[in-house]
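Numbering (the numbering used here), first residue to last: 3 to 131.
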């Protein structure tokens, strides 16, 4: 789990998938509006870092100077497109699409985030989350 104190160490580091394959470079970390905890990392992917993809950061970890996320490279690269330049904030609809893509239960995550002293996500179904 990446904490608020670790956010600066994540930026500009290589992001790898659950098997150690390079996905891209961490560009931005987005905090949850309710808890203030790191929720998403945007990853520059593609030729010359021309694309930016959102990945849940809750179950990510810094491993050997890389950010390792618990998702396959193809899953990350196939994530829904989100407009990063739209005020530096994800809309509820964008966030819900991302939750669904990564197999994270939207309702469970919302309820958990809104309970005092709680942080974390509820996995949906049998996905990789």
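Just so you know, even glycine gets a beta-carbon here, dropped at the ideal spot from N, CA and C. None of the values given here were measured: they were computed from a predicted structure.
Per-residue DSSP class, three states only, for residue i
| i | result |
| --- | --- |
| residue 33 | strand |
| residue 136 | Residue 136 is absent from the structure shown; the chain starts at 3 and stops at 131. |
| residue 92 | coil |
| residue 65 | strand |
| residue 3 | coil |
| residue 12 | helix |
CA nearest to the CA of residue i, picked from the options
| i | options | result |
| --- | --- | --- |
| residue 76 | 5, 26, 10 and 9 | 26 |
| residue 1 | 20, 33 and 19 | Past the boundaries of the shown model lies residue 1; the chain is included only from 3 to 131, so the question cannot be answered. |
| residue 40 | 92, 108 and 4 | 4 |
| residue 38 | 79, 80 and 9 | 9 |
| residue 54 | 104, 65 and 42 | 42 |
| residue 162 | 56, 79 and 31 | Limits of the chain in this structure are 3 at one end and 131 at the other, which puts residue 162 out of reach. |
| residue 11 | 108, 107, 74 and 63 | 63 |
| residue 83 | 17, 20, 47 and 36 | 47 |
| residue 18 | 99, 29, 31 and 74 | 74 |
| residue 20 | 65, 35 and 105 | 65 |
| residue 81 | 105, 24 and 61 | 105 |
| residue 56 | 99, 22 and 108 | 99 |
According to DSSP, residues forming a beta bridge with residue i
| i | result |
| --- | --- |
| residue 24 | 18 |
| residue 46 | 27 and 54 |
| residue 70 | 18 and 63 |
Anticipated Cβ contact below 8 Å, residue i with residue j, distance rounded
| i | j | result |
| --- | --- | --- |
| residue 67 | residue 15 | 7 Å |
| residue 24 | residue 45 | At roughly 10 Å, the Cβ-Cβ gap does not stay under 8 Å, so residue 24 and residue 45 are not in contact. |
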